[in-house]
Structures are given as structure tokens and as C-alpha cells.
Amino acid sequence: MMHKLLNLPLVASEHGKDVDQLMVLVHWLMFLLFVGWSIFFVYTLVRFRSTVAKKADHFGVRGHASTWLEVGVASFEAVLLIGFAVPLWAKVVDDFPAEKDALIVRVVAEQFGWNFIYPGADGKFGKQDLGLVAADNPFGFDKTDPATRDNVQTLNELHVPVGKPIILNLSSKDVIHSFKVVPLRVTQDCIPGLNIPTHFVPNKEGKYQVICAQLCGNGHAAMAAGVVVVDSQQVYDQWMTSKSAGGGAATSFE
Amino acid sequence: MSLHAPEHKHSEHAHGHGEGDPHHHDPGFWRGYVFSTDHKVIGIQYGVSSLLFLLFGFGLMLAMRWQIAYPGKPIPIIGGFLEAALGPVAAGGVMTPDLYNAFGAMHGTIMVFLGVVPLGFAAFGNYLVPLQIGAPDMAFPRINMASFWSFLLGGVIMLVSFFIPGGAAQGGWTSYSPLATMIPTNGQTWWIIAMVLIITSSLLGSVNFIATVIQLRAPGMTWMRMPFFTWAQFVTAFILLLAFPPLEAAAVMQLADKVLHTSFYLPTGLMAGGNLVDISGGGSPLLWQHLFWFLAHPEVYVLILPAMGIVSEIIANNSRKPVFGYRSLVYSALAVGFISFIVWAHHMYLTGMGTKISTFFQTTTMIISIPSVIILTCLFLSLWGGSIRFNTAMLFSLAFLPMFGIGGLTGLPLGFNFSDIHLHDSYYVIAHFHYVVAPGSIFALFAGVYHWYPKMTGRRMNELLGKLHFGTSFVFMNLLFFPMFVQGIAGMSRRMSDGGASYMVTEATADVIGRLSKAIIDANIGISTAAFLLGLAQVPFIINFFYSIFAGEKVNSDNPWEATTLEWQTPTPPPHGNFATAIKVYRGPYDYSLPGAARDFVPQNEPVRS
Amino acid sequence: MEIPFTTLPRRDTGLYNAKLGIWLFLASEVMLFGALFSSYILLRVGAMPGAWPHGILNVPVGTVNTLVLICSSVTVVLGWAALKANDFAKYRKIQLVTIACAGMFVCIKSYEYYDKFTHYEVVMKDGRVIDGHLVAKEGGGGVVDGRRQPPEFIVLHGVEFAAELKAAGMAKVPLIERLEKQSGHHLEHKEFRIPWAETKRVQNYGPWHNTYLAIYFTLTGLHALHVIGGALVIGWIWGPGAAMWKTDPERYTNRVEVSGLFWHFVDLVWIFLFPILYLL
Amino acid sequence: MSSNKAHSSHDHHQKGIKIYILVFLALIVGTIITVLAWKIHLPTIFLTVLVALVIASVKASLVAGWFMHLASEQRMIYAILGFTAFFFLGMMFLTVWAMSDVPKPIFP
Ligand code: HEA
Ligand code: HEA
Ligand code: CUA
Ligand SMILES: [Cu+2]
């Protein structure tokens, strides 16, 4: 019922339903407290209005029901915290899939678009050096390194195969952006200078909207071109092959 | 209950003292009303200026709400004026994204730092705290005056910054670096300078409040006899004293980044427009966030504690009974103040935080919700057994309870990092905190204005207009903010200069999942309409406020609400020096409806018969 | 109307107002400098290997300045003690030393700042880096279109090294120490006359040069402002404000005590600044 | 009686001055030790930092304890400074902790 009431959007990732479950549980706590107190509140206002209750009682409520209520709320919160939020978060943030089983992609945000860099057939991004940082090479990739040369880069389109663990390494060229895909229940800030990993397993094919969820300048609202395309493995493979045809795309990083 | 009429006091002193006592000369207009050191005058100065800032901040938001509802359409009425005043950022009377961002940052800043805090803390606190503890003035009257002028100067600089080339700061009220530093205009520089003045003002004010409460309590005014309002102000002052300096430090560093081209918050390899930025690098964007939220989380309790103080005074008075659990209220307020310093990173869950740290911060976040629950529970239970009078002040105070309840409860899903994944930076957050600050704090502040107006002016505000103000504000506030929860859960992001229209499903994007439905976007129109109506709903208040100064019903007693606390035991309005005779306190703050007492209230300065 | 406890302590707290006030103020100052210290730690821990310079400050000068500040701190408290013992003349004399020390501190600090602002790092187009103190700027320097033109030559006294670091982007943080380590010997100091046209970038050791200098200037600058402010207050109390000694000696003594408390705090901050910035 | 009291306060006074001078000397010595310790290059960075900070803390406590009379101050002041110290340490450790955990820099 609460699920309906909240009108939670569609879920397309493995951990998404856990997020929703926690949402539902917290909202039950909130709902019960709200309704309970509202009833008490309205009843009290009606019963003790001065036209009826001519004289107030100096002592008012006696007894300790309220203490129990407070203990109850605290316990409920403790359960949600220890039972749900902490372990589930740990799963999302710490329990990374083994790199060999996963698809690893670098996400580089910029004003106002998304770059996705795939390691290509060899599964490696190649050497990086601070000394190589330049306008056309923000991450100092060593272009003479063969591991770099077969990297594949796309603009605003992230293709991933369904059912496979995906690891994204997010960062930004300029200001802070936030990579948010509502149906995947993924939100992660992209911070310049940092490389922040996140992971998820998409479980429904489709094309999903990427939202930039952090104010990043006057184009923030319009930074809406990004999509995550979840394909079947086969379609994904085809796409990848077509992209890396000709011995890897000339990676410009722009 | 009046001890002496003010005129009486004046003449008595004129005879009693010789030339040597300068305090009792007529201070004249400038020293009496403008550069006054009297805490009551300063309180009123703070009050009027912060109400005006609130109105202005609301005005900014009304323009923004137009843009959200009707993106790209020229703003009616003021559009032409904006274009004339601000130039190309408002070309054709249409709000450009730059202007939207500037207005948004300024709305947040002005509402928080120039509106609600100065009104709740500085205005009500200044006027009432010395009165409630039986002190003749603040401990450092001249510093008090300096505090006000520093505040006003900061406010004026903030306002002037709209008119500099490029306009005001556009980085959000949070001013995250690198964005705040990299926007090529100077708005941010002005913002920082204004903030430094405002911070200075708060520091001066909080030193004064704490010293006053500790040193100047009248004989018999023990800690546990202080009204809860004064306690709330005391805790608030500590928060301001200790949480603001780190923001000052952070602001100085951001200023250096902006004007000296240092790299405190700018990492190596930063690019702008496809080029490497010419800086040394080596800084950290997260450092700013930590320092900012180290202030800004405690700051939200600065927004709410004075409001809670006001509400508990009014509820005790109008239900004619003591607040329930005075001690738990006091301890909870102290606990909130204390814990508020160690929860700040719940605003930063999605900056790549690991499990250990986010566990620490979400645990403290849950812990801090408990004292809030206790405070609210106590206030609810206070009503039980009362004899409740429904005047305007009480109506606003009563409405505060469920409104703060909604705001506070919706803090919980944000406080759990795992559900925050879905809600972070969505309209759910906007709805959460507006429920606590707008129908929460602002309602409490309205209540305070209605309640203490007779003490400040000697006249009451009109009840009919007051109830009209209340009823309409209550309805429109809820119509305004409740739908935002729905929008937020559906995935609508905040700070969208087109109200999220870029993310709406269209024919071209029908195959993309996770875009916003038309219904969600169209809700913007309803919300904005509610905002405009909320604006209209303030008209009776503004009329009432000014009209009543001259033509309000005169109060025929110094204690029209038959209250127990000391501010009502002074002449109306209280003279310079506050109490006509030395005051002594014999009892707790809320001796309402004492069994066996002749009246249903016994003032704190009435001796206990035995 | 009189505010109570401006002079004599309140019985239950044992404090007069101003003393409580200054301690509260100092509490907020602790948080102000505390935030900057935290930033220092974070910037330093987060610095890339080699990007945190060592040994670019002049330790003997810093040590002398530390001693100067310590002297002023003891004179402040001795001055107050003299007042307590009703010896106004002695207070006057002792406190003069405090003010003199403050002035000296500021002078020495200005010298150190001057040293940094005339310390240049020049990256040449051919990749060499020359690091040294400014001797002179020759030629050029006129104003064209409202813009100041660079000189034709810049003369530095310092060291030269070939750029071991690959790209100029990185050469913004070359550090003598690191380079000496790389080359394995002390670099020879001499005078260089550098044609401006051959330089790629010329930058002095201002706060923009790296985050170490940024936090150095911020911390010491803020501290210096405190020194100046404190000295002005102490000087005012010592000079024009001293009339109060005749009318209200208790209160005057309190003022001296309160200003002294602030002064000690300024000293205390320096006690941490000195090792952190100069030695570690 | 009254002259007696004046006398004892005079003694007290002399003792106070003596302490101030001692503290002053200790501060000078502390400064010199710090610089010497730095000169001789202690074996590890950790040790260098430790020595420098320990000496600085001792010096700071001397200033606070005797020049600022914290050693014999009122309870109210202790309470205020206690809170301040707590929040200061909280700010310092929590930020440092938070920044040391996650995210990794782009460049190793
Ligand atoms: C006055 C201001 C105020 C107050 C009091 C609070 C209170 C709380 N806030 Fe809120 N918050 C803000 C102002 C405030 N907040 C602001 C301004 C922001 C956004 C800043 C920005 O990003 O721009 C924000 C953002 C914010 C976030 C970050 C969200 C994000 O960006 O992703 C979080 C996360 O933990 C949070 C949590 C909480 C919690 C747990 C409380 C708790 O303290 C609440 C405790 C209260 C209760 C639990 C209510 C108890 C009530 C009852 C038991 C009775 C109920 C009865 C009835 C309803 C009849 N808040
Ligand atoms: C105390 C804080 C406070 C208050 C009270 C408000 C009040 C309101 N806020 Fe605001 N708001 C913020 C703090 C506040 N806000 C912050 C911090 C942000 C985030 C900014 C950012 O993204 O950086 C924000 C953002 C924000 C947004 C999101 C913008 C975006 O993300 O793009 C919206 C959207 O609707 C909004 C709307 C409103 C509305 C309609 C009110 C109304 O409730 C206003 C009600 C006001 C009144 C009723 C005025 C009363 C005054 C008078 C009547 C004066 C009378 C005068 C005399 C008698 C002299 N606010
Ligand atoms: Cu990118 Cu917002
Ligand atoms: Cu918070």
C-alpha cells in the first residue's frame, strides 16, 4: 500500500528494490506517527477548547505513555538503521564485483554533457600521467600506450549489457555534477580531481534517462542529453564491435 | 500588573538624579532610534529589517516560481522592470538561467541569513531575553549596536550585488566550489564579503546573548526558572558562536581562490571551457563542503530553536497551563545543540562517502531526531488538560506543530543514506526543509509577532485580519509544498531553471524511461499558483502590521495575555532600563492554573506565600 | 540605568562581564583558527607526492619572531600585575615594551612577506626552470592600452635546473629540495639575466604559487591582523584610554586584563603556527 | 587586620611575578628545543611531527594556564572551553577521517 501511495518510479536494477523497501518502511514509520499524533492533536483541540474546558488543569498529562512512545520511535529508527540502511549501503559502496566479471566504464562529466570511456577489447584504460594533462587530454592518458589506443569513447550514451555488474568510475573535468539515473536508483556526485567508483546490476532492458542532479552552472537544467542504454548481451556486443571497428576509435577525450 | 507607567518613571528620575547621570536625558532621535544601544530598539530594528528581507526573499522566489511554471515566458508586472534594472540577464523580461541561479542562491541566502535567523534570534532574542531574565539591558550594549549595523551593512552589500555587472552570486546558497569560483562574474566575491559581515554580526550577537544570560539574570532567576524561550536562545547563541567561525574561515579561503587565484578548493587538472585553468591546483572541493556544512547543519537548528521557544511560550500562555516536561524540553534543546555539530556530513552522503563514515553520520542524524521528537511530544502533550484560547498567535503556534512534524519526519528518509540515494537533491529535499522553515519557523515567527506586538507597541493587532492571514497562509503553504514531495519521489531535481521541462517526456523521447510525466511538470503550475496566492495572503498581515501601530486597539494592561513571564511585568512599552523597580524572581516560568491560586496565572516575580 | 557586573564579579559565576565576553570571543576564535588548521592538515595530506614544499621559509627569522611574541606576552601579564599592585608608572613602562614587540613582530613579518613576493620561479620555453630572488627588472615596463607591459629582462639570483618534470603543467610545483635530491648535488647559486621573451611563465611565491603558500599566507595573514588589532587596542588603553585609571581604576585594570587575554591567545596561535609552517 | 591582608596580597603578588618569569623562560627554552630538534633531523617524519607538536602543546598550556590564568579560572569558563575543545576536535577529526576514507584522486 505504501508503495502505491509513494508512487515510486519503475526500478531497473538489482539493488533498486532494496532502496524502495527502505523508503516504504521509513514512510510507514512516518505515516503512523503522523496519523497517530494528528488524531490526538485534533481530539485535544476540540475537547480542551476554552469555551468548553473553562479551567485548565495545572498538571495535565500524567503517566509515562509518552516516554514509551519515544523509546518506540527510537527503536524503530535503530532497526531501520542497523537492519537496513547500514548493511545495504555497505553492499552498494563496498561490495564491488570482481573486476573481471564486471564492465568498467569511466564517466567524465563536463559542462554540460557526459563522456563515457570504455577500456576497449583489452579491458584496460592504459597509463595515466599527470605530466600529460593538457586541454585535449584531461586525464593525462598516455596515447602511445596500446592499452589506451583501443579505448572507446562515447558522448551522452552509455551502453551496458543487461544482467552484468557494471562499475562506473566517475569524475568531472570542471565543476561538480551528479550522475543520477532514477530507474537504476543510482546517484553519485562527479567531483573534479576525484575518481569515485559506484556499481549496479541493470536487470531490465531499456533506455534510461541520466539526470544531472547537482547545480553545475547555467546549463544545469538543460544537461539532459545523457542516457543509459541497457541492451541484451548480444546487442551490446554488436554495438561495441561497431564502435571499436578500425582498431579502436581515435580517442579525443573531448 | 503594571508597576509604573513609563512617564512616571521618567519624571521620578529627572528629579532624583543630578546632572551626572547621562542615561536619563532624552537621547534624541539619532541616539534614541537609530544608533541606539537599547536592546529593545535594536530588537525592533532587527525585526523590521529582517521582515523586509523576508518579503524580498519571497519576492525573488515568486519570480522564480513564474519561470518554473512557465519557462521562457516573460515575467508579468516586474519583467520590464527586471530588464531595465539588471540588463541582459533579464532580456525581454524573461528569466535566463543565469538570473534564475542568482535568484535561487539569493533566495536561500537571504531567507536563512538575513530573514529567519535575524528575526528569530536577533529580533525576538534581543527584545525578549533581557526582559525575560529581568536584566536592564544586554551585557554589552554597544557591541549589540555594532552587531546590528554589521548585519545591515552585510544585507545591503548582498542587495547591491544584484546590480553589479553579471549580477549576484549564482552558485546556490551552498556555494560549492569549484562552481562558485569558476563562474566568471564577481557576484560570488560580493556574496562572500557580505557573508563575512553577517557572520561578524552573529558572533558579536551571540557573545552578547550568552554573557547576558549567564551574568545578568535577576536575583532568584535560576537556570531552571528561565522560560524555555530564553533557553532556546541561549543554545542558539552557542551554536552561532562555535559553528559560524569555520564558515568564516572557509569564506576567506574561497575569497582567496576567487581574487588571489589560490587553489584551496580547486584540484589539479581542473578545466574550464576545454582549457586547463591557470592555477596551481592541489586543493579539494570537498573541503569546502565540510566547512560549509559544519556551519550549515547547526544553522538549521538556529532556524528552528527560537521558533520552538516562541511556540512553547505561546502554547503555555494560551492553554493556560505549564508546558509538559519543562526539564525534558531544556535537556532536549541542549542535546540538539550539542549533537547538531556532529551530523553535518548527512548532506554529503553522495560525495563518495564510505560505509564507516556515513554510518557514523547517519547514526548521529538518527540520534538527533530523538530530542526533536521529545520536544514535539512535550508540546503536543502540553495541550492536554488545557483551556485553549484560539487567538491568532495560538493558531500559528498550533499549526507549527504538525507542519514541523511533517518537515521533521521527512528528514528521516533523507537521513538514511540508502534512501537518500533516491531522494538526494530532488524536490523532496526542498519540500522537507521548507516544511520546517516556512510553515514551521515562519509560522512561529508570525505567532511571535502577534503575541508580543502589544508589549512592543501598546496596541494589539487586529484579530480578524490575523485570522484571515492565518487561514489563507495555512492552506496555501500546504498546497505549495506538499506536491513537491510527489515531484521529488518521481525524480524531479532541484535548481532546474526550467522547472524540469528538459526532462519531461515528449514524443521524441517517448522511448526513454525515467523522464518526468506531464502531470509532474504541470504540477509546477499549481504550486506556483499557490505561491502567488500565498503572497496575496500576506497582504492582510502587512496592512495589519502597519495599521495597528497607529490605530490598533490599545491594551489596557501591561499584561494583556495574563502571562507569567517577566517581560509582561514591565511597563508597556518597557522604558530604558526595563524594570521600574528592582525585580526578584520566586518561581518557575509557567505557574498557570495553580490549584488554589486566585487567578489562573501567577507571575514569576510574585512571592510564594507560605 | 547601569549594567551590573561591569567591574566587580558576579557572585555565583565569579566573573565580570567583559571577562566572560572575551573568553566567549576566544572560543569562537579557536573555531576560526581550528578550521584553518584542519584545512592545513587536509591540504597537506591530500597533496600530491612532492607537491608540498619544505624549507622555503627562513627559520632563524621565524625563531626570532617567536621570541619577540613570547616577550610581548610576558610583558602584558607583568603590566597587568603592576596595575594590580597599584603601580601605574611601572605598567606604563612595561606595556610600552609589549607595543614595541608587536610593532617589531609586524615588521619582521612584513620582511618575510616581501621576501616571498620577490622570490620568483621562472619556467623557460626550453624547459629550464630558474628559481631565485629578484635582483632587478630591466627595460620595458611601460603602459600600453592601460596594461602594464613586462620588462625586457628579469634578473634573478638563484639556481637553475633543467626540467626533469615532463610537462610545464607540472612544472608549476618544482621544488628545489626534490630537484636537488634528483640531481644528487647542491645546485649552484648565481645570477641569471633572463630575457622575458624566452620565458614561458614567471611567477613569484605568492599565495597563488601552491597550496602550501596559500595556507601560509592565509594563516599568518589572519594572525598578523590579530596582532595589529590587538596592538591597537592595547595601545589605545595604554594611551588615550588611560584616563579611566583616575576615574575607575578597577575597571581600567579589567580592561588591561581582557586585552591581555586576547594578546595571549594571539601568542598561543603563533606557538602552533611556527612549527607547523616553518619546521614540519 | 587590613594591613595584614595587604601584606599577604603583596606576597601573593611577588609569587605571581615569579611564576610569570619562570613561564617566560620555559617558553624560550621550548622554542629553542623545537628548533634544535628540527635541525638535527629526527629519524622519522612521525617523530619530528610528534616532538614539534608535543612541545607546542606544552608551551600553549603554559601560556593558557598561567599567563591567561586558566589554571585557576571559574567553572563557567572551563565549561565553555570544554565545549569548544570538543567541537574543535570533532571538526578536525571528523573532517580528516572523512577525507581520508574514500574517494581516490584521479591521479595516483
Ligand atoms: C529548520 C531547519 C531544519 C530542520 C529542523 C531539519 C531537521 C532535520 N533534517 Fe533537514 N534540512 C534542512 C533544514 C532542516 N532540517 C535544509 C535547509 C536542508 C537542505 C539544505 C540544502 O541542500 O540546500 C536539509 C536537508 C537535509 C538532509 C540532506 C538531504 C540531501 O541533500 O540529500 C538531511 C539528510 O539527512 C536532513 C535530515 C534532517 C533530519 C533527520 C532532521 C531531524 O532533526 C528532524 C527531527 C524531527 C522529527 C523526527 C519530527 C518529530 C515529530 C513527531 C514525532 C510528531 C509528528 C506529529 C505530527 C506530524 C502531527 N535534512
Ligand atoms: C529560511 C529559509 C527559507 C524560507 C523561509 C523559504 C521560503 C520559501 N521558499 Fe525557499 N529555499 C530556501 C530557504 C527558504 N525558503 C533555501 C535555502 C533554498 C535552496 C536554495 C538553493 O538551491 O541554493 C530554497 C529553495 C527554494 C525553492 C527551490 C528552487 C530550486 O531548487 O530551483 C523553491 C521553489 O519553489 C522555494 C520556494 C519557497 C517559497 C514559496 C517560500 C515561501 O514559504 C515564502 C514565504 C514567505 C513569506 C510568507 C514572507 C513573509 C514575510 C512578510 C509577509 C513580510 C512582512 C513585512 C513587514 C510586515 C514589514 N525555495
Ligand atoms: Cu551538470 Cu548539473
Ligand atoms: Cu542537516
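Protein chains in written order, with the working numbering: chain A, 1 to 254; chain B, 1001 to 1610; chain C, 2001 to 2280; chain D, 3001 to 3108.
Backbone N, C-alpha and C define an ideal beta-carbon position, used for all residues, glycine too.
Values in this document were obtained by computation on a predicted structure and should not be read as measured data.
Query                                                                                                                                                           : Result
Answer yes or no: the CB of B/His1432 versus the heavy atoms of ligand 4, is any distance below 7 Å?                                                            : no
Answer yes or no: does any C-beta atom of chain B fall closer than 8 Å to that of A/Tyr208?                                                                     : yes
List the whole-angstrom C-beta distance separating B/Ala1243 from B/Leu1295, where the pair is believed to meet the contact cut-off of C-beta under 8 Å.        : 5 Å
Relative to the C-alpha of B/Met1492, which residue among A/His3, A/Met1, A/Pro9, A/Leu5 is closest?                                                            : A/Pro9
In its own chain, which residues sit with a C-beta less than 6 Å from the C-beta of A/Val105, not counting the 5 before and 5 after it?                         : Phe116, Tyr118, Leu168
For B/Val1300, is the beta carbon positioned less than 7 Å from some heavy atom of ligand 4?                                                                    : yes
Starting from C/Arg2010, find everything on chain B with Cβ-Cβ shorter than 8 Å and list it in chain order.                                                     : Gln1215
In this structure, does DSSP put C/Leu2134 in helix, strand or coil?                                                                                            : strand
Applying a beta-carbon distance threshold of less than 7 Å, which residues of chain B neighbour D/Phe3087?                                                      : Leu1242, Phe1341
Using a threshold of 7 Å, is the CB atom of B/Leu1241 nearer than that to any non-hydrogen atom of ligand 3?                                                    : no
Compile a chain-ordered list of the residues in the segment 3041-3056 of chain D whose CB is closer than 8 Å to at least one CB of chain C.                     : Thr3048, Val3049, Ala3052, Leu3053, Ile3055, Ala3056
Please list, following the chain, all residues that have a C-beta closer than 5 Å to any non-hydrogen atom of ligand 3.                                         : A/His177, A/Cys212, A/Cys216, A/His220, A/Met223
Does any C-beta atom of chain C lie closer than 8 Å to the C-beta of B/His1039?                                                                                 : no
On the DSSP bridge assignment, give the partners of A/His199 in chain order.                                                                                    : A/Ile167
Less than 8 Å between CB atoms is the rule here; does B/Val1268 satisfy it with respect to chain C?                                                             : Reading off the sequence shown, one finds Thr at residue 1268 of chain B, where the question assumed Val. Output row for B/Thr1268: interface = yes.
Using a Cβ-Cβ cut-off of 8 Å, state whether D/Trp3097 counts as contacting chain B.                                                                             : yes
Using a Cβ-Cβ cut-off of 8 Å, state whether B/Ser1263 counts as contacting chain C.                                                                             : yes
Excluding the 5 residues flanking B/Met1158 on each side, which residues of the same chain have their C-beta closer than 6 Å to its C-beta?                     : Ala1194
Could you confirm whether any beta carbon from chain B is found closer than 8 Å to the beta carbon of C/Gly2021?                                                : yes
In chain C, which residues lie with their C-beta within 7 Å of the C-beta of D/Ser3072?                                                                         : Per Cβ cutoff of 7 Å: no residues; D/Ser3072 is ~11 Å from chain C at best.
Let me know if A/Val183 comes out buried or exposed under the rule of 16 or more other beta-carbons within 10 Å of its beta-carbon.                             : The identity of residue 183 of chain A in the sequence shown is Pro, whereas the question assumes Val. So A/Pro183 ends up on the buried side.
Among B/Met1348, B/Gly1415, B/Asn1391, B/Ser1397, whose alpha-carbon lies nearest the alpha-carbon of B/Ile1370?                                                : B/Gly1415
Anyone know if the C-beta pair for B/Met1059 and B/Tyr1127 falls short of 8 Å?                                                                                  : The identity of residue 1059 of chain B in the sequence shown is Gly, whereas the question assumes Met. Taking 8 Å as the Cβ cut-off, B/Gly1059 and B/Tyr1127 do not qualify as a contacting pair.
Find out if the Cβ-Cβ distance for the pair B/Ile1643, A/Gly206 is shorter than 8 Å.                                                                            : Here chain B comprises residues numbered 1001 to 1610, so residue 1643 of chain B is not present and cannot be evaluated.
Tell me the DSSP secondary structure of C/Cys2071 in three-state form.                                                                                          : helix
At a Cβ threshold of 8 Å, is B/Met1353 touching chain D?                                                                                                        : yes
Alpha carbon to alpha carbon, what distance is there between C/Glu2250 and B/His1023?                                                                           : Annotation note: pLDDT 46 at B/His1023 (below 50); position unreliable, coordinate value reported separately. Rounded to whole angstroms, B/His1023 to C/Glu2250 spans 22 Å at the Cα level.
Using the Cα positions of C/Leu2277 and C/Ala2231, report the straight-line distance between them to the nearest angstrom.                                      : 23 Å
Determine the chain C residues that contact B/Met1253 at a beta-carbon separation under 7 Å, and present them in chain order.                                   : Ser2039, Thr2218
Tell me whether A/Trp37 sits in a helix, a strand or coil according to DSSP, three-state version.                                                               : helix
Report all residues from its chain with a CB closer than 8 Å to the CB of B/Phe1148; omit the five preceding and five following residues, and keep chain order. : Ile1042, Gln1045, Tyr1046, Ala1122, Ser1201
What residue from A/Phe76, A/Ala85, A/Tyr236 has the CA that sits closest to A/Pro161's CA?                                                                     : A/Tyr236
What in chain B is Cβ-close to D/Gly3082, meaning under 8 Å?                                                                                                    : Going along chain B, no residue has its Cβ under 8 Å from D/Gly3082, so there is no contact; the nearest lies around 12 Å.
What's the C-alpha gap between B/Gly1155 and B/Ala1102?                                                                                                         : 16 Å
Quick one: what's got a C-beta closer than 7 Å to B/Tyr1033's C-beta in the same chain, skipping five residues either side?                                     : Val1041
Is A/Leu6 close to ligand 2? I mean its beta-carbon at under 7 Å from any heavy atom of the ligand.                                                             : no
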